[in-house]
Every structure is written in structure tokens, then in C-alpha cells.
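Engineer: Listed in order, the protein sequences are those of chains A and B.
Residue 121 in UniProt numbering is what sits at position 121 of the first sequence, and the numbering runs on without skipping anything.
Residue 78 in UniProt numbering is what sits at position 78 of the second sequence, and the numbering runs on without skipping anything.
A virtual CB, placed ideally from N, CA and C, is assigned to each residue, including glycine.
2 protein chains.
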Amino acid sequence: MGNADITRDKLIAAATQTFWEQGYSNTSLRRIALAASVDVALISRYFGGKLGLFKATLTTAFEWPELVSPDNDPIEVVINKYANPASDAHQTSVIRMIVMNANDPQVGELVRQTLRDTLLDPLEARMGGPKASERLAMFIAVVIGASMVRQSLQLPGMATAEPDLYARQLRHLIEAALNFREDPADL
Amino acid sequence: MGNADITRDKLIAAATQTFWEQGYSNTSLRRIALAASVDVALISRYFGGKLGLFKATLTTAFEWPELVSPDNDPIEVVINKYANPASDAHQTSVIRMIVMNANDPQVGELVRQTLRDTLLDPLEARMGGPKASERLAMFIAVVIGASMVRQSLQLPGMATAEPDLYARQLRHLIEAALNFREDPADL
DNA sequence: CAGAAATGTCAATGCTTGTTGACATTATCT
DNA sequence: AGATAATGTCAACAAGCATTGACATTTCTG
Chain A
1 MGNADITRDK
11 LIAAATQTFW
21 EQGYSNTSLR
31 RIALAASVDV
41 ALISRYFGGK
51 LGLFKATLTT
61 AFEWPELVSP
71 DNDPIEVVIN
81 KYANPASDAH
91 QTSVIRMIVM
101 NANDPQVGEL
111 VRQTLRDTLL
121 DPLEARMGGP
131 KASERLAMFI
141 AVVIGASMVR
151 QSLQLPGMAT
161 AEPDLYARQL
171 RHLIEAALNF
181 REDPADL
Chain B
1 MGNADITRDK
11 LIAAATQTFW
21 EQGYSNTSLR
31 RIALAASVDV
41 ALISRYFGGK
51 LGLFKATLTT
61 AFEWPELVSP
71 DNDPIEVVIN
81 KYANPASDAH
91 QTSVIRMIVM
101 NANDPQVGEL
111 VRQTLRDTLL
121 DPLEARMGGP
131 KASERLAMFI
141 AVVIGASMVR
151 QSLQLPGMAT
161 AEPDLYARQL
171 RHLIEAALNF
181 REDPADL
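Encoded structure:
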């Protein structure tokens with residue numbers, strides 16, 4: 001006890017959970033402080049305020065070294081993460097946090113920018129072939145949509161599916177996204 | 001002027017826009033009243049309170065008769081709606097509203113239930129073939145994900161695409177979703 | 001036209017929010 | 001040990017929130 005770093009860590013941990021579940025504007029500092037067993041005033045002291053605390057949680061939110069590592073296939077990394085019940089909840093909460101805050105006038109632009117810098121730009125750089133930008137967008141769309149349907153909407157066709165089936169659904173959609181080619185014959 | 005129905009309509013219109021853009025908890029009645037040029041107190045008078053006003057916007061939110069009509073192909077209806085710039089913004093805001101409120105403890109279950117009753121169940125009823133439930137979930141996932149990527153995340157690969165290209169992307173993903181079959185050879 | 005009902009306006013309520021400053025406690029260093 | 005800085009605690013603040021009731025105005029009705 002007595003170490004400010006511990007307090008900071010406890011605050012970030014509690015803030016991450018609450019911010020991601022409820023969104024930025026819908027989260028009160030008092031709730032975070034309560035969850036962290038820390039006085040509310042320390043948030044303003046250590047992070048300068050609510051926005052500072054949110055920024056602090058953002059920096060660790062998008063860290064996903066395996067995904068951007070050149071040794072791994074991003075597709076397999078994603079499927080393994082999202083089809084594994086242990087990590088699916090966490091990954092899905094990240095997505096929900098992005099979606100929920102992307103339109104917040106206070107933090108929306110910050111969230112989008114951080115997402116691009118830390119994840120999307122590296123992914124696009126590794127992505128070869130024609131229409132790389134378009135196919136990346138479709139790839140992200142599929143992952144986001146599946147997560148939303150599975151966890152937020154809880155549709156039976158995905159929410160109750162066992163991990164194996166869900167993994168096949170996800171793989172099917174991802175491969176379709178990456179196989180997109182602008183072919184005039186498609187019209 | 002002077003007609004309460006007009007006031008009610010103005011309130012519902014303003015509330016729909018604000019609720020769907022910012023989410024339920026993040027919207028203040030004062031802002032709605034201001035946008036509708038109506039006194040705040042009338043909201044509680046006419047709709048019983050904030051929740052009542054939200055429910056009133058919900059009932060009109062999911063009305064989409066063309067989609068559930070047996071005369072039309074749902075796929076084409078969706079593509080036409082979402083690839084048309086005039087209606088895309090509105091449709092996307094509906095989706096964003098669903099996603100943003102699906103986890104709200106106050107209105108989440110209400111939103112999910114209304115969505116299922118008015119849209120998903122009729123769609124599933126019309127959907128034949130094996131794994132209908134799973135393919136419907138994938139279909140919804142694709143539409144939601146594309147909307148989120150295009151409007152909320154604003155990824156260049158989808159946000160800046162002209163309607164034609166976006167329509168092709170959407171169609172490609174939808175067809176992939178509907179073509180899903182659980183085939184052991186996929187493993 | 002007079003009375004009644006409907007509709008709109010305004011102020012005040014109690015509650016929650018983020019933030020700040022004063023004070024108490026604990027740790028650190030000479 | 002004693003001075004000094006770091007850390008934690010508490011109370012108060014101004015602002016915004018949803019909601020309510022009293023009052024003013026308009027509209028309808030007999």
C-alpha cells in the first residue's frame with residue numbers, strides 16, 4: 001500500500017472494465033473509484049480528470065502484438081482469439097467499446113485515431129494484393145459484426161453456437177471478405 | 001400550433017435522432033426539448049418520462065415492411081437500402097442505436113426483444129434451407145459490421161467508397177453469409 | 001359569450017456528476 | 001528523530017439531470 005503506482009493501476013483496471021462496458025459518458029468516476037476501492041479525488045489528481053483516465057485506458061486497449069507480428073497469420077490469430085471462450089469476452093468488449101464510443105463527441109475521434117494507428121495501419125501495411133484497403137475494411141466489418149451479433153444482440157444462431165461452429169462461421173466470413181475482388185462480372 | 005399531436009410528433013422526431021445518435025443514457029431530455037422547440041416538462045406530461053419517450057421512438061424504429069414482405073427478396077432490399085446514400089444514413093443510425101443500447105441495463109432487453117419480434121423472427125420464418133438460424137445470424141452480422149465500419153469507424157476502404165463499390169462489397173459479404181453450410185470438409 | 005378542458009410556461013425539487021481545496025496520514029531522506 | 005514530500009481522506013462546489021406542481025394561455029364546448 002501507499003504506493004501511488006498501485007493506486008494508478010487499480011484505477012486503470014477498474015476504469016477499463018467500466019468504460020468498456022458502459023461507454024465513456026455513461027460511466028461515473030465515483031463508480032470507478034468504488035470498484036477500485038480508491039477515493040474519487042485521486043482520479044483527478046493522478047490523471048488530471050475523467051478524460052485523462054480514459055486516455056490511459058486507451059493506450060493499453062489496442063495492444064495486440066500477435067496480430068501485427070509478421071510471424072503470424074492475422075486470420076488465424078483472430079479466429080483463435082474470438083472462437084476461444086476465454087478470450088472472446090475480452091476481445092468482444094474491446095469491440096463494443098470502440099463502437100459505443102466512436103460517436104461520442106468527446107472521445108470518438110480519439111478512439112478512432114488510436115484504433116487506426118495501433119491496429120489498422122499495421123494490418124493494412126501487411127496486406128498485399130489489389131483492393132487491400134477495401135478488403136481490410138470488409139475483414140474488420142465481419143469481425144465486428146460477428147462480435148456484436150454474438151454478444152450484444154445475442155442471436156441464437158451465433159450466441160448459442162459452440163466454439164467450433166462459431167469458429168467455422170467466422171472463418172467462412174473472413175475468407176469471403178479477403179477474397180473480395182472487384183470484378184465487373186459480379187455485376 | 002396548439003395541437004398536442006404536433007408536439008408529440010416533434011418530440012418523437014427529435015428524440016429519435018438524438019437517442020439513436022448518442023444512446024439512451026447519454027441523451028438529456030433538455031436537449032431533445034430544445035431540438036424540438038418544446039418545453040421539457042411536456043415530455044414527462046405526454047410520455048410519462050424519459051423511458052416512455054424512448055419506447056415511443058422504438059415502435060417506429062424497426063418498421064421495415066418491404067423487408068418482411070413476401071414479394072421482395074430481402075437481400076436486394078437490404079442492399080438497395082444500405083447502398084443508397086439517401087437511406088444509408090438512416091438505416092445505419094438504426095443499427096448504431098441497437099448496438100449502443102443493447103447493453104444498457106435500462107433499455108437493453110427492450111431493444112433486443114423489439115428487434116427480434118419485428119424484424120428477425122419474420123426473416124427467419126422466411127429463410128429456408130439448413131442452418132437457417134446460423135445463416136441469418138451471419139447475414140445480420142455482415143450488415144451490422146459493414147454499417148459500423150462505414151459510418152462509425154469510417155475506415156477508408158468502406159467509408160469513402162462510392163455507392164457502387166460499397167454495394168458490391170455488401171453483396172459479396174451477404175452472399176457469403178447466406179451460402180454458409182456446415183460442411184466437415186471446411187475444416 | 002362564459003365556462004371548462006386542453007395545452008403550454010416557468011420555477012423549484014432532489015439527485016448525480018466532475019472537480020477542487022483543505023486537512024490528515026504515511027513514507028522518504030538528511 | 002525531525003523535516004519534507006508523497007499520498008490518502010473528506011467535504012464542498014457548481015453544473016446538469018429528470019421530474020413535479022403551480023400558474024398562464026389557448027382551444028374547445030355548451
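So for B/ASP104, helix, strand or coil by DSSP?
Structural biologist: Coil.
Engineer: Under 9 Å, CB to CB, which of the residues in the segment 112-131 of chain A have a partner in chain B?
Structural biologist: For the segment 112-131 of chain A, which is checked against every Cβ of chain B, the residues closer than 9 Å are ARG112, LEU115, ARG116, LEU120, GLU124, LYS131.
Engineer: In the DSSP assignment, find the unbroken alpha helix (DSSP H) run with A/LYS45 in it and report its ends.
Structural biologist: It should be noted that the sequence gives Arg, not Lys, for residue 45 of chain A. Per DSSP, A/ARG45 belongs to the alpha helix (DSSP H) from 41-47.
Engineer: Looking only at its own chain, which residues have a Cβ that is under 6 Å from the Cβ of A/ILE144, when we skip the five neighbours before and after it?
Structural biologist: The residues are ILE95.
Engineer: Please check if any C-beta of chain A sits within less than 8 Å of the C-beta of B/ASN103.
Structural biologist: It does; some Cβ of chain A falls within 8 Å.
Engineer: Which runs of the alpha helix (DSSP H) spanning at least 4 residues fall entirely within the segment 119-167 of chain A, listed in chain order?
Structural biologist: If we require 4 residues or more, the alpha helix (DSSP H) runs fully inside the segment 119-167 of chain A come out as 121-126, 132-147, 156-159.
Engineer: Between the segment 134-154 of chain B and the segment 94-113 of chain A, do at least 3 Cβ pairs fall closer than 8 Å?
Structural biologist: Yes: at least three Cβ pairs fall under 8 Å.
Engineer: Comparing the C-beta of A/ARG168 with each C-beta of chain B, is any distance below 8 Å?
Structural biologist: Yes, contact with chain B.
Engineer: Does any heavy atom of the ligand COA sit closer than 7 Å to the C-beta of B/GLN22?
Structural biologist: This structure does not include the ligand COA; it has no bound ligands of any sort.
Engineer: DSSP three-state label for A/GLY23, please.
Structural biologist: Residue state, collapsed to three classes: coil.
Engineer: Could you check the C-alpha separation between B/ILE174 and B/MET138 for me, to the nearest Å?
Structural biologist: In a straight line, the C-alpha of B/ILE174 is about 8 Å away from that of B/MET138.
Engineer: For B/SER44, count the other beta carbons within 10 Å of its own beta carbon; 16 or more makes it buried, fewer makes it exposed. Which is it?
Structural biologist: B/SER44 comes out exposed.
Engineer: Excluding the 5 residues preceding and the 5 following B/ALA15 in the sequence, name in chain order all residues of the same chain whose CB lies nearer than 6 Å to its CB.
Structural biologist: So the qualifying residues of the chain are ILE32, LEU53, THR57.
Engineer: Whose C-alpha, out of B/ASP71, B/SER28, B/LEU34, B/TYR24, is nearest the C-alpha of B/LYS10?
Structural biologist: It is B/LEU34 whose Cα lies nearest to the Cα of B/LYS10.
Engineer: Helix, strand or coil, according to DSSP, for A/GLU63 in the structure here?
Structural biologist: Here A/GLU63 sits in coil by DSSP.
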